[in-house]
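Colleague:
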Amino acid sequence: MEVAYRPDEIAQLVNARRALGGSTATIRDIASLRQAQAGDLSFLGNQKYKAEVAATAASVVLVPLDYVGEPKPDQLFLFVENPSVALAGFCARLERLLWPRPAPGIHPSAAVAPGAQVSAEATVGPLCVVEEGAVIGAGSILHASVFVGRRARIGEYCWLQPGVVVATECIVGNRVRLQPGVIIGGDGFGYEFVQGRHEKVPQIGQVLIGDDVEIGANSTVDRARFSRTVVGEGTKIDNLVQIGHNVVIGRHCILCSQVGVSGSTTLEDYVVLAGQVGVGGHITLGQGSKAGGQAGITADVAPGAYLNGTPALPFMLERRLQILHQKLPELFKRVEKLESRPE
Amino acid sequence: MEVAYRPDEIAQLVNARRALGGSTATIRDIASLRQAQAGDLSFLGNQKYKAEVAATAASVVLVPLDYVGEPKPDQLFLFVENPSVALAGFCARLERLLWPRPAPGIHPSAAVAPGAQVSAEATVGPLCVVEEGAVIGAGSILHASVFVGRRARIGEYCWLQPGVVVATECIVGNRVRLQPGVIIGGDGFGYEFVQGRHEKVPQIGQVLIGDDVEIGANSTVDRARFSRTVVGEGTKIDNLVQIGHNVVIGRHCILCSQVGVSGSTTLEDYVVLAGQVGVGGHITLGQGSKAGGQAGITADVAPGAYLNGTPALPFMLERRLQILHQKLPELFKRVEKLESRPE
Amino acid sequence: MEVAYRPDEIAQLVNARRALGGSTATIRDIASLRQAQAGDLSFLGNQKYKAEVAATAASVVLVPLDYVGEPKPDQLFLFVENPSVALAGFCARLERLLWPRPAPGIHPSAAVAPGAQVSAEATVGPLCVVEEGAVIGAGSILHASVFVGRRARIGEYCWLQPGVVVATECIVGNRVRLQPGVIIGGDGFGYEFVQGRHEKVPQIGQVLIGDDVEIGANSTVDRARFSRTVVGEGTKIDNLVQIGHNVVIGRHCILCSQVGVSGSTTLEDYVVLAGQVGVGGHITLGQGSKAGGQAGITADVAPGAYLNGTPALPFMLERRLQILHQKLPELFKRVEKLESRPE
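These protein sequence lines are chains W, F and U, in that order.
Residue numbers 20 to 362, in my numbering, belong to the letters of the first sequence in order.
Residue numbers 20 to 362, in my numbering, belong to the letters of the second sequence in order.
Residue numbers 20 to 362, in my numbering, belong to the letters of the third sequence in order.
Below, the structure is given as structure tokens:
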């Protein structure tokens, strides 16, 4: 988006404790230290990039309070407690400009059933469908082309982006953000094999999405076979993630893109799964456990454990095995040499 | 969903052969043996959970005819031929309450082309698009915001959930269920590399979905380069699955979530692929073959084979190799020890 | 689709240099050499299938100029410079019949904001949403139920299929094809962990899609944290692919289905990633580098390198290690035998 700030405006907006140097540039963009040009705001968010501050062309740089160094000519250093947090606050301000809050009300092109309860303070955008008995809470936004099914309930201050589907009887908490194309409440995948055919096991449960959850574009959360599939408060889910039926995800978990969690598995609080991790069904991942990218988990995981690989093993063991695996050519040679010794 | 049944009503609905004990509770939910509370219906669907029957707090428990054991006070055992099947029948009844059949007819907000043929017994819900020459069979439901393209054909008693796309000239059989966001007939992925650029190979074939197929949320089935991509009768596909162009899938296969099948590959009948399996192009997976989660298959698979790992190997061999892989640290030590022997 | 051509019409349409034999059949379909039947057009696109020409039942076969062989009775060989390219040209003709160009104009059911700029030569189909300040260029088609957000810009001669979302301020070049369900500009996945909770890092950047890009069904490209996520000119992306925030993809890359690229990673020009490849964040894949299916890449890749496996290794090394891995049972036996020697 197009922005234009004077350096002193930024100093105020990020609540800078101290300033060093100065710049006459108008700030029009934000960039990493390495990519920044004149007119950009940058920041030292990670000590590993410390050396890049001296080389950056950014006009304004947010640095931590203990940073030691001199700005270039026409460059301003702003000292803040936590540059990442300070930048996030500044960006949150820009975000409100990027996504101005729509006025409450129901767009005339939306199809809202007579028996739906839409708060007078909610926004139902163009071409949305809200079915019989659905409830939309105050401050919530159905951006456009969103579907909310029969008796589904959306809490307060949620934001459902274009193309989101929340199917029949599913429940979404407060301040939930669903990115475009998210599907809540598709049927779970369950069949009985009867006389050579897969007979559908009806999936009549719900999905329950806790407060402050965010789910990424085109991810899917299946409804339970019975009772409910749960995504706990504060959990963040990336794009194209699959959550199977009757899965219970705890609070404040992180599931990166393309993760798949099979049916009836439990993730306790603060679990972190990197991209493309696959988790089998009917197991439990203990509190705070983690798995590296593409790991394949098929058994219970202890709290705090850090796994990697397929099948998933403790991270350091998996790493050690990888190193030895790469030494196999050498090992075969060593064994050959031993064999060539006279018996 | 909210339900309320008396235990004797349930006995009748599941066609119980015999009852033992009794309960005055009103049944309001269904739960697994371990998670059930008073007021819940539970069931012994798998002999491995037999020991949990004695401990369950469920008010009503479906057990197999040969189950031996006594109910607790205020607990009813109902003996049925197959508890899973009996429960499924009961749930099918609930399912009809969860998804009441909409009345036939075309919602006024739908955009149906003059030349489309929509059966008088079909339902076209709000904000659907049905293009010129498309055919929608009797009893089929386009729930809401469904797109059916030019000359596409939907058979009888299909159910297309919100956001489904069936593109131009694709053919869907009878009793097919497409979960929200399914895309049938996106272009296959084919290019010719000409003078440093990828020139598109037109994808002018169709997709043919057989009778009784179900496809999960946000899965994609590409149209053929020419002729057709086929999903055979009775096959069940989970969420976020990718089926490439000119793939031919047989009857009664099971493809779990996030599976990808590359172009021009054939799956014979009764193939089962676990989650995140990847299948290369131009190969054949023989009848009844199986692959474990995350397996990577790049060569033909014999009928009945069971593969695992990347590259995929016979299951037991792969398992054995995994065990030896985990013994590498020990093996290196053993070789070192051998080397330390005097020559 | 249904077609009917006389063999001599096809000879003209593919610009045949020479013909051999002849057929009275009406050509109604296209098929591979092996699957073709009478009435089909086939082609020798790859020398590896040369032997199949003699056995094919196709009525018309496109062969390269240097092909040596005789057609069967009622079979016509057409000699062309490049059979694949010739067929593609023929198919492009059929493609225009499959997808007739809609008339320009805005469908009355579309919700187009007063301040949107839609070219008089663009088509906005039924039930599309075009928000304030969005720009739709000449010749571009929003097929149906497409969403284009505030101040987003779609170039000329683009084709956005049903259900596509291009969110606020994202920029799409010219001649871009977005298959159904593509999401451009969902939020990047970024959080700061503050006092036991994941606080959202605002994602206020854009997505920039270059000219002649094609993106497959239900793929997602996230908007940048700040500045922009880029997909370079001529790059082709398959279905269900995830592109994280601030990723920069070069020109003419190929990303097959279900690939995931994590945030802030750079792909230089002509990178090729096979299906289900996972790429970690903050790394660079050099020009022309390649990775095999399901590879997991977590470090920089040299230009032209060809990697495979997880963790990704040079292709030939990975292959060699796989072979040795499969010889582990033998190696353990050899070591055991050595140990049984008298010391």
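C-beta: ideal position from N, C-alpha, C; glycine also.
Treat the numbers as computed from the prediction; the structure is a model and nothing was measured.
From the beta carbon of isoleucine 342(F), is the nearest beta carbon of chain W less than 8 Å away?
Modeller: What you label residue 342(F) is simply residue 323 of the second sequence in a count that begins at 1. Answer no: the Cβ-Cβ gap between isoleucine 342(F) and chain W never drops below 8 Å.
Colleague: Taking lysine 91(W) as the query, report the chain F residues whose CB atoms sit under 7 Å from its CB, ordered along the chain.
Modeller: Within the first sequence, residue 91(W) is the residue found at index 72, counting from 1. Result: empty, since nearest Cβ-Cβ is about 41 Å, beyond 7 Å.
Colleague: Is the shortest distance between the beta-carbon of lysine 219(F) and the beta-carbons of chain U less than 8 Å?
Modeller: As a working note, residue 219(F) is residue 200 in the second sequence. Yes, lysine 219(F) counts as interfacial toward chain U.
Colleague: For aspartate 27(F), return the contacting residues in chain W, with the cut-off set at a CB-CB distance below 9 Å.
Modeller: Here residue 27(F) is taken as the residue at index 8 of the second sequence, counted from 1. Correct list: empty, because the minimum Cβ distance to chain W is about 21 Å.
Colleague: Helix, strand or coil: which one does DSSP assign to lysine 91(W)?
Modeller: Sequence index remark: in the first sequence, residue 91(W) carries index 72 (1-based). Coil.
Colleague: Count the CB pairs spanning the region 70-90 of chain W and the region 188-196 of chain U that are closer than 8 Å, and state whether there are at least three.
Modeller: Touching, no.
Colleague: Whole angstroms is fine: what's the gap from valine 99(W)'s alpha carbon to isoleucine 302(U)'s?
Modeller: Along the first sequence, one-based indexing puts residue 99(W) at 80. Along the third sequence, one-based indexing puts residue 302(U) at 283. Approximately 28 Å, taken between the alpha carbons.
Colleague: Mind pulling the alpha helix (DSSP H) runs of 4 or more residues that sit fully within the region 67-132 of chain F?
Modeller: Complete alpha helix (DSSP H) runs here, min 4: 70-74 and 102-117.
Colleague: Go through its chain and collect everything with a Cβ distance to glutamine 136(W)'s Cβ below 6 Å, but skip five positions before and after it.
Modeller: Taking the first residue of the first sequence as position 1, residue 136(W) is located at position 117. Closer than 6 Å at the Cβ level, and outside the excluded window around glutamine 136(W), lie Val154.
Colleague: Which chain U residues sit within Cβ distance under 8 Å of arginine 339(F)?
Modeller: To locate residue 339(F), count along the second sequence from 1; it is residue 320. The answer, in chain order, is Pro348.
Colleague: Within 10 angstroms of the Cβ of alanine 130(F), are there 16 or more other Cβ atoms? Answer buried if so, exposed if not.
Modeller: Here residue 130(F) refers to the residue found at position 111 of the second sequence. Buried: at least 16 other Cβ atoms inside 10 Å.
Colleague: Would proline 133(W) be called buried (16 or more neighbouring beta carbons within 10 Å of its own) or exposed?
Modeller: Your numbering for residue 133(W) matches position 114 in the first sequence. So proline 133(W) counts as exposed.
Colleague: Would you say asparagine 237(W) faces chain F, with C-beta separation under 8 Å as the test?
Modeller: Numbered from 1 along the first sequence, position 218 holds the residue referred to as residue 237(W). By this cut-off, asparagine 237(W) is an interface position.
Colleague: Counting C-beta neighbours from all protein chains within 10 Å, is the total for phenylalanine 212(U) 16 or more, i.e. buried, or is it exposed?
Modeller: If you number the third sequence from 1, residue 212(U) lands on position 193. The residue in question, phenylalanine 212(U), is exposed, as its Cβ has fewer than 16 Cβ neighbours within 10 Å.
Colleague: Quick one: which residues of the region 54-74 of chain W get their C-beta closer than 9 Å to a C-beta of chain U? List them in chain order.
Modeller: Cβ contacts with chain U come from Gln54, Asp59 and Leu60.
Colleague: Report the rounded CA-to-CA distance for glutamine 313(F) versus valine 296(F), giving the unit in angstroms.
Modeller: As a working note, residue 313(F) is residue 294 in the second sequence. As a working note, residue 296(F) is residue 277 in the second sequence. Going from the Cα of glutamine 313(F) to the Cα of valine 296(F) covers about 4 Å.
Colleague: Pick from Gly311(U), Gln306(U) and Thr329(U): whose alpha carbon is nearest that of valine 320(U)?
Modeller: Here the question's residue 320(U) lines up with position 301 in the third sequence. Valine 320(U) has its Cα closest to that of Gln306(U), out of Gly311(U), Gln306(U) and Thr329(U).
Colleague: Quick check on the DSSP output: the beta strand (DSSP E) that includes arginine 213(U) runs from which residue to which?
Modeller: Residue 213(U) sits at position 194 when you count from the first residue of the third sequence. It should be noted that the sequence gives valine, not arginine, for residue 213(U). From DSSP, the beta strand (DSSP E) with valine 213(U) extends over 210-213.
Colleague: Going straight from the alpha carbon of valine 148(U) to that of phenylalanine 166(U), what length do you get?
Modeller: Reading the third sequence from its first residue, position 129 is the one you call residue 148(U). Reading the third sequence from its first residue, position 147 is the one you call residue 166(U). The straight-line gap from Cα to Cα measures roughly 5 Å.
Colleague: If you run the structure through DSSP and keep just helix, strand and coil, what is arginine 339(F)?
Modeller: Here residue 339(F) refers to the residue found at position 320 when the second sequence is read from its first residue. The answer is helix: DSSP assigns arginine 339(F) an H, G or I state.
Colleague: Span of the alpha helix (DSSP H) holding leucine 63(U)?
Modeller: For the purposes of this step, residue 63(U) is taken as residue 44 along the third sequence, with counting starting at 1. Taken as a continuous stretch (DSSP letters only), leucine 63(U) belongs to no alpha helix (DSSP H), as it is neither H nor E.
Colleague: Is there contact between the region 263-273 of chain F and the region 224-244 of chain F, where contact requires at least three CB pairs shorter than 8 Å?
Modeller: As far as the Cβ criterion goes, the region 263-273 of chain F touches the region 224-244 of chain F, which means the pair count is three or higher.
Colleague: Keeping to the same chain, check which residues put their C-beta closer than 7 Å to that of arginine 170(F); ignore five residues upstream and five downstream.
Modeller: For the purposes of this step, residue 170(F) is taken as residue 151 along the second sequence, with counting starting at 1. Excluding positions up to five away in sequence, the list reads Gly152, Ala153, Thr187 and Glu188.
Colleague: To the nearest angstrom, report how far apart valine 240(F) and proline 26(W) are at their CA atoms.
Modeller: Walking along the second sequence from the start, residue 240(F) turns up at place 221. Walking along the first sequence from the start, residue 26(W) turns up at place 7. Distance between the alpha carbons of valine 240(F) and proline 26(W): 52 Å.
Colleague: Quick check: is the beta carbon of arginine 360(F) nearer than 8 Å to any beta carbon in chain U?
Modeller: For the purposes of this step, residue 360(F) is taken as the residue at position 341 of the second sequence. Closer than 8 Å to some Cβ of chain U, the Cβ of arginine 360(F) qualifies, so yes.
Colleague: Is the distance from the Cβ of glycine 328(F) to the Cβ of glutamate 337(F) below 8 Å?
Modeller: Start at 1 with the first residue of the second sequence, and residue 328(F) comes out as number 309. Start at 1 with the first residue of the second sequence, and residue 337(F) comes out as number 318. For glycine 328(F) and glutamate 337(F), yes; Cβs fall inside 8 Å.
Colleague: Pull the bridge partners of threonine 285(U) from the DSSP assignment, please.
Modeller: The residue you call residue 285(U) lines up with position 266 of the third sequence. Beta-bridge pairing links threonine 285(U) to Val267(U) and Thr303(U).
Colleague: Check the Cβ of glutamine 277(U) against every Cβ in chain W and list those closer than 9 Å, keeping chain order.
Modeller: As a first step, residue 277(U) is located in the third sequence; it is residue number 258 there, counting from the start. Result: Leu259, Gln277 and Gln295.
Colleague: Candidates Thr317(F), Ser42(F), Ala38(F) and Trp118(F): which alpha carbon is nearest tyrosine 24(F)'s?
Modeller: The residue given as residue 24(F) occupies position 5 in the second sequence. Ranking the options by Cα distance to tyrosine 24(F), first place goes to Ser42(F).
Colleague: Can the beta-carbon of alanine 236(U) be found less than 8 Å from the beta-carbon of isoleucine 202(F)?
Modeller: Numbered from 1 along the third sequence, position 217 holds the residue referred to as residue 236(U). Numbered from 1 along the second sequence, position 183 holds the residue referred to as residue 202(F). The answer is yes: Cβ separation under 8 Å.
Colleague: My guess is that glutamine 198(U) and aspartate 206(F) are in contact by the Cβ rule of under 8 Å, so how many angstroms apart are they, rounded?
Modeller: Taking the third sequence and counting its residues from 1, one reaches residue 198(U) at position 179. Taking the second sequence and counting its residues from 1, one reaches residue 206(F) at position 187. Confirmed, Cβ separation roughly 6 Å.
Colleague: Answer with buried or exposed for glutamate 150(F), where buried requires no fewer than 16 other C-beta atoms within 10 angstroms of its C-beta.
Modeller: Within the second sequence, the letter at position 131 stands for residue 150(F). Buried.
Colleague: What's the gap between the Cα of serine 159(F) and the Cα of leucine 116(U)?
Modeller: The residue you call residue 159(F) lines up with position 140 of the second sequence. The residue you call residue 116(U) lines up with position 97 of the third sequence. Spanning the two alpha carbons is a distance of roughly 28 Å.
Colleague: Considering just the uninterrupted stretch of the alpha helix (DSSP H) at alanine 30(W), what are its terminal residues?
Modeller: On the first sequence, position 11 is the one that residue 30(W) refers to. Alanine 30(W) -> alpha helix (DSSP H) spans 26-32.
Colleague: Relative to chain F, which residues along the region 158-187 of chain U have a C-beta separation below 9 Å, given in chain order?
Modeller: Listed by position, the residues of the region 158-187 of chain U near chain F (Cβ gap below 9 Å) are His162, Ala163, Ser164, Gln180, Pro181 and Gly182.
Colleague: In the DSSP assignment, find the alpha helix (DSSP H) that holds glutamate 358(W) and state where it starts and stops.
Modeller: Walking along the first sequence from the start, residue 358(W) turns up at place 339. Counting along the chain, the alpha helix (DSSP H) containing glutamate 358(W) begins and ends at 347-359.
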